[in-house]
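2 is the number of the first residue of the sequence shown in my numbering; add one for each residue after it.
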Amino acid sequence: MAEKQESSVTDSVQKLFVEAKPGAGEVADAAEHAVYTVLAELARGGEVTGEAIGAAASGIVRGVKKAVCPTWHASRGALVGVIHAAGGAGGDVPEAIRTATSTLVRETAAMDGDFGAVAKGAVQGCIQGAEERGLDIDECAHVAAEAALQAAEGLRPSAVVKVRYAVGGSVDGIPTGL
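Next comes the structure, spelled out in structure tokens:
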């Protein structure tokens, strides 16, 4: 994906999310809608690429900062949107989960946000999205938790502890395998 198109995806997702002006209970739905809408449009022209998924996740992080809303809810909604878009386009859903989760964690950390909450929200979004699409819930939760942990390993030692605390063991009763 060309850098210009990546930027366009990021900007489009951010714009849709911010324009939704999500209230406290609407953040996850607004994030899901923004991510799914942009990625589904791209899928009409071909496969939803990892670059597009990463750019969409980046758009959510930037939108959260601009709209000043909970990152946890936004990451949950973003992962539901990613799973629906990638699954609907016949894409590699586990790879889409890895890309989106790691981007959300890294970029939230770069903006001094609560990347532990983002990691937990991403796993919760995977649980919801997998359930809605009839996918293996345990596998999707594990992939997201593992991606969050790997992203944290690239940050600093205390980041690993924070992410492991947020998603280790189980999330919402679903084992993460960490």
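Ideal placement from N, C-alpha and C gives every residue a C-beta, glycine not left out.
Could you tell me whether the Cβ atoms of V49 and S13 are closer together than 8 Å? no
Alpha-carbon spacing of D173 relative to A32, whole angstroms: 20 Å
Can you check whether the CB of A160 is closer than 8 Å to the CB of A110? yes
Rounding to the nearest angstrom, what Cα-Cα distance links R99 and A21 in this structure? 26 Å
Is R107 buried or exposed, if buried means 16 or more other CB atoms sit within 10 Å of its CB? buried
Note down the Cα distance separating G89 from V69, rounded to an integer number of angstroms. 30 Å
Would V162 be called buried (16 or more neighbouring beta carbons within 10 Å of its own) or exposed? exposed
Tell me whether M2 sits in a helix, a strand or coil according to DSSP, three-state version. A caution first: M2 carries a pLDDT of 46, below 50, which makes its placement in the model unreliable, though a value can still be read off. Note: M2 maps to coil in three-state DSSP.
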